[in-house]
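First residue of the sequence shown: 1, per my numbering; consecutive thereafter. Idealized CB from N, CA, C, for every residue including glycine. Notes follow the structure.
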Amino acid sequence: MGIVADIDGEAAGRQDVDRFFSLSLQLLLIADKNGRIRRCNPAWREQLGWSPEALIGRSFLELVHPDDLLATQAETTKLSAGGATSQFVNRYRRGDGEWRSLAWSAVAAPDTGRIYAIAHDVTLQEQATQALRANEQRLRDAERLGGLGSWELDLKTEQLFWSDQIYRLLGHEPGKIEPSYHSFLDLVHPEDREAVDRAFQTSVAQHHPYAIAHRIQLTDGSVKWLNEYAETQYADDGTPLRSIGTVQDITEQQHNRLMLAVKARRDEALLALPRIADDLDELAMLQHALALAEDLTESEIGFAHFVNNDQTSVEFAAWSLRTLDAGCQVNHNMHYPLQQAGLWADALRRRTPMIIGDYPAHPHAKGLPTGHIALKRALVVPVLDGNQVTMLFGLGNKVTDYDRIDIESAQLLANEAWRLAQQMRSLAKLKLADQVLAETPQGVAITDADGALVRVNAAFTRITGFSTDEVLGQNPRLLKSGVHDTAFYRAIWSEIAQHGSWRGEIWNRRKNGELYPQWLSISAVHDPNGQVGHYVGLFTDLSESKQAQEKIDYLSHHDALTGLANRALFNERLEHALTRASRKGHLALINLDLDRFKQVNDTLGHQDGDQLLIEMARRIRSELLPSDTLARLGGDEFALLLEERAKAAPVAALARELLTRIAKPVTVADRELVVTASIGISLYPADGSDADSLARQASQALGAAKRLSRNSFQFFDRSLTEGALERLITEHALRGAVTRNELRLQYQPQVRLSDGALVGVEALVRWQHPDLGLVPPGQFIPLAEDIGVISEIGTWVIAAACQQLADWDRQGLHLPRIAVNLSARQLDEVALPATIATTLQAFTLQPERLELEVTESMLMRNPDAARALLSELKRLGTRISIDDFGTGYSSLAMLRILPLDQLKIDQSFVRDIGADDNDEAIVRTIIAMARTLGLETVAEGVEDAEQLAFLSHEQVDLGQGYHFAKPLPADDLLTHWRERLSPNSAARTGAF
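This is the structure:
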């Protein structure tokens with residue numbers, strides 16, 4: 001019976017286990033030591049969609065997420081070794097493929113070799129945990145990005161919590177130091193520590209918020225400003241429990257407030273200095289400026305030096321009074337070379353402010369002169385006038401390091417001190433000029449705008465015999481001699497009205513009635529508003545034969561327009577210079593010619609051309625040394641003779657400077673012009689030993705400069721003479737190029753910027769000679785114009801372009817239009833419209849598909865004739881485009897009356913988009929002008945995406961350039977674009 005009872009009990013136990021397996025809501029699983037499932041309960045079907053039958057016999061590792069497999073295998077190994085696992089979480093795959101997170105507890109029975117495991121679904125808990133972690137990370141990121149940290153202090157246990165951002169604000173990695181109230185106080189700046197502690201303790205005791213701004217000192221010695229805010233929580237009986245607060249980095253705000261305060265003090269100093277300077281001499285003004293700079297920068301030393309024009313020597317200007325009061329007793333030489341100056345003079349050498357943080361320890365520091373105050377640290381700023389350093393302004397011995405604010409303050413005060421010094425010197429010059437006026441031997445008469453005399457000098461009274469009292473308020477007509485008629489005086493005042501001055505010989509009458517000749521110069525003096533305020537007359541009595549001879553001699557050796565030496569005087573000086581150079585020296589001869597000056601003369605008139613020549617002469621003269629000779633040889637040709645700087649390098653530097661200065665805009669007759677020049681240079685003795693050979697070689701070099709690239713200079717080279725022969729050979733070959741079928745056309749696409757559509761091409765001519773090879777257009781087009789074959793070439797280009805357009809039509813590449821450049825010679829041909837009409841008819845092309853391009857300069861040669869011809873071409877139906885727009889002198893009024901369809905913006909403006917604000921402004925102006933006139937715009941020379949973006953933003957219609965494609969032969973263009981074109985529409989693509 002006992003055995004039966006045991007069997008019954010064992011059976012009842014199994015039934016309990018079976019009932020537990022079937023009723024348990026937990027996931028139950030029994031597996032062998034190899035992980036194969038031997039039994040699992042129905043909860044697997046209900047919760048994970050797996051029936052027990054589907055799982056039994058499979059490894060439970062098959063359902064584990066791949067990312068959790070290694071960890072699960074490690075837990076299985078631990079179980080096999082007799083261990084246990086509890087709340088191990090991994091992801092299991094449901095029957096429908098969804099992954100669920102399960103928390104496992106399991107043990108292994110060594111006697112049976114079985115693993116008994118129970119699991120429950122913790123997916124929602126895992127998702128909540130991940131969301132919590134994400135929120136915590138977002139909070140940490142927000143604190144980091146906002147520079148805001150948080151803290152919590154348990155006032156009972158004194159335990160302090162810092163967020164990660166608090167650690168960063170304090171200069172530590174999170175968790176690197178143990179947070180505590182005392183460790184925080186240790187980081188507070190010593191000067192602020194007591195105030196911070198008192199503020200916190202008071203806020204807790206008095207139940208009000210804790211708010212304070214203070215400094216902390218980091219381990220590297222740097223200082224931060226923090227803003228703290230906290231509130232304390234209390235028990236019902238008022239016992240403080242904990243304080244919760246935030247910390248924010250306000251270093252930048254504090255710096256900005258400091259900057260504003262410094263700027264306010266600096267502005268006040270800059271306003272005060274000119275007011276005080278009115279009552280001071282130059283030395284006292286400089287000392288006052290140094291005192292203001294010392295106050296602003298907390299310096300103990302101040303000094304100033306003027307820099308001489310040679311930039312290699314300095315002139316001591318002033319010590320500050322504070323420096324002198326401190327015992328400075330240096331006996332300075334007023335002038336000394338730069339190499340004798342101290343380390344502070346590096347500001348001159350480098351042309352930039354410099355800070356010396358530790359003067360004695362600097363490796364290049366020199367010993368200070370006897371009597372000099374010890375120099376610990378220094379700040380020196382240079383004052384620049386263009387490329388020249390004019391003054392060095394120095395400060396020294398600030399307790400802390402000098403910074404950017406100190407540099408700005410010192411620089412502004414130094415600039416203002418220099419301006420005031422210059423102003424003082426100008427006033428001194430005015431006083432000197434007044435004295436010179438009084439003592440000059442030439443007569444001077446000054447009238448107001450109405451012609452009443454307001455001042456005369458002593459020479460005036462001596463020459464005319466009238467006293468000052470007798471003439472003031474009178475009109476200079478009282479000096480009229482009666483020799484000249486009304487027309488003579490009318491011409492004088494007409495010249496003054498047009499050009500601002502007149503000079504010439506005139507006869508006047510002295511008080512005693514004697515007639516005498518004068519050399520008189522009258523100039524109009526304009527006020528700041530541009531109105532004539534006074535007239536100044538300067539005259540010399542020519543009655544003495546010596547003065548008359550001097551005048552005749554001057555006129556015979558000088559150019560009457562510019563006052564420069566003429567050819568005769570220049571040749572004379574060249575011969576003398578050659579005599580001197582033959583013994584010990586070198587010479588340089590420069591020929592300078594203004595580019596396209598004839599076009600300016602023809603367009604604006606000879607009077608405006610004369611004014612331009614006068615201005616160019618002034619600009620050239622401003623670059624010369626006293627030993628240099630400048631002459632006007634005739635027309636727009638100038639010559640320079642250099643004796644002191646006659647070697648290649650300094651001559652090249654001068655040539656570059658002359659080209660730069662000449663190319664600056666000049667206003668003539670209310671028009672702003674840009675004129676360039678070409679320069680040819682010959683050197684003695686390398687290029688010739690006599691005047692004729694030097695002049696000839698310089699002239700050949702000038703011709704080379706004009707041919708290769710205007711606005712440039714060329715030295716003479718023996719190959720230039722050989723180049724003349726090459727030109728003859730090229731000229732002969734070019735005359736038969738059309739007949740021999742040596743010309744080729746290449747085509748550059750024109751793309752619509754709004755959608756990238758190909759809307760046309762520009763036909764560009766090339767010359768492929770069997771012996772000379774591919775001759776560049778810039779080399780043979782000017783030659784073709786010179787020898788008169790450009791019209792023949794132009795006619796060929798129009799016919800070849802039209803034929804190619806018709807060929808493309810037959811090949812399925814339908815281009816809306818093709819552009820052809822017209823030459824200046826073609827614009828003079830009466831038969832041009834008939835030729836174009838015949839060509840279009842021959843190839844069955846609609847006229848609007850041919851676009852004819854002309855340049856601004858071509859139109860301005862003869863505006864009326866150009867307008868008539870273009871109108872006739874327009875009546876044919878062709879399109880008219882103005883090329884290289886912006887480089888000529890056309891006006892809006894001129895453009896309004898021309899039958900134009902399109903403006904092409906010159907590539908010289910497009911090239912500097914993104915680098916030159918002026919060129920961008922010019923492009924915008926051209927676009928606005930085109931819109932006003934209803935014209936299409938095309939940008940030439942588009943080479944990069946930045947230019948394209950700018951032009952697209954400004955709504956330019958079309959673009960062409962290497963960004964889209966270089967000029968291509970017809971077959972290559974067909975290959976690249978045919979696939980992008982449908983039979984009736986343009987391609988839409990960005991670039992090749």
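Am I right that Leu589 and Ala695 are in contact with their C-beta atoms under 8 Å? What's the rounded C-beta distance? 7 Å
Does DSSP classify Arg740 as helix, strand or coil? In this structure, Arg740 counts as coil in the three-state DSSP scheme.
On a CA-only basis, which of Leu827, Ser313, Glu853, Gln826 is nearest Ala819? Give me that one, please. Glu853
Mind checking if Ala831 is an interface residue toward chain D, Cβ cutoff 8 Å exclusive? As a matter of chain content, chain D is missing from the structure shown, which is built from one protein chain.
What three-state label does DSSP hand Trp977 in the structure shown? helix
Quickly, what does DSSP pair Ser105 with across the bridge? List them, please. Answer is Ser86, Ile118, bridged to Ser105.
Measure the beta-carbon distance from Gln768 to Pro969 and round it to whole angstroms, keeping in mind my assumption that it falls under 8 Å. That pair is no contact at about 11 Å.
How close, in whole Å, do the beta carbons of Arg242 and Leu148 come, if the pair is a contact with beta carbons under 8 Å? About 19 Å separates the two Cβ atoms, so there is no contact after all.
Is it buried or exposed for Asp786, if we count other Cβ within 10 angstroms and need 16 for buried? By the beta-carbon neighbour count (other beta carbons within 10 angstroms, threshold 16), Asp786 is exposed.
Nearest-angstrom Cα distance between Gly934 and Arg879? 14 Å
Quick one: is Lys366 buried, meaning 16 or more other Cβ sit within 10 Å of its Cβ, or exposed? exposed
Exposure of Pro441, with buried meaning 16 or more beta-carbon neighbours within 10 Å: exposed
Who does Arg215 pair with in a DSSP beta bridge? Trp225
Look at Phe713 and Leu659 and say whether their C-beta atoms are less than 8 Å apart. yes
Ala617 beta carbon less than 8 Å from that of Thr562: Contact annotation: Thr562 and Ala617 have beta-carbon atoms nearer than 8 Å.
My output table needs one value for Gly703: the three-state DSSP class, helix, strand or coil. helix
Just the Cα atoms here: how many angstroms apart are Ile798 and Thr839? 8 Å
Entirely within the region 828–884 and at least 4 residues each: give me those alpha helix (DSSP H) ranges in chain order. 832–842, 856–861, 863–876
Alpha carbon of Arg567 to alpha carbon of Ala698, nearest angstrom: The alpha-carbon of Arg567 is positioned some 15 Å away from that of Ala698.
What number of angstroms, rounded off, separates the C-alpha of Asp186 from the C-alpha of Glu178? 13 Å
Segments assigned beta strand (DSSP E), at least 3 residues, entirely inside the region 432–476: 443–448, 453–456
Is there contact between the region 937–949 and the region 970–977, where contact requires at least three CB pairs shorter than 8 Å? no
I'd like to know whether the C-beta atoms of Ala524 and Met391 end up nearer to each other than 8 Å. no
Comparing C-alpha positions only, which one of Gly396, Gln611, Thr72, Thr486 sits nearest to Ser501? Restricting attention to Gly396, Gln611, Thr72, Thr486, the CA atom closest to the CA of Ser501 is found in Gln611.
Through-space distance from Leu876 to Leu832, alpha-carbon basis: 11 Å
Where Ile492 sits in the DSSP three-state scheme: helix
What do you get for Gln902, buried or exposed, if any count of 16 or more other CB atoms within 10 angstroms of its CB means buried? buried
Should Arg93 and Asp68 be called a contact, given that it needs their Cβ atoms to be closer than 8 Å? no
Do Asn821 and Asp884 have their CB atoms nearer than 8 Å? No. Outside cutoff.
Counting Cβ pairs, one atom from each stretch, are 3 or more of them under 8 Å apart for the region 160–171 and the region 258–276? no
Report the three-state DSSP secondary structure of Glu643 (helix, strand or coil). coil
Which two residues bound the contiguous beta strand (DSSP E) that contains Val330? Boundaries cannot be given for Val330, as no beta strand (DSSP E) includes it and DSSP labels it neither H nor E.
With a Cβ-Cβ cutoff of 8 Å, do Ile446 and His586 count as a contact? Contact flag unset, no.
Taking only runs of the beta strand (DSSP E) that begin and end inside the region 573–652, which ones reach a length of at least 3 residues, in chain order? 587–594, 629–634, 637–642
Would the C-beta of Asp192 count as close to the ligand HEM, meaning under 7 Å from any of its heavy atoms? You won't find the ligand HEM in this model; it holds no ligand whatsoever.
Cβ atoms of Leu395 and Ala417: under 8 Å apart, would you say? no
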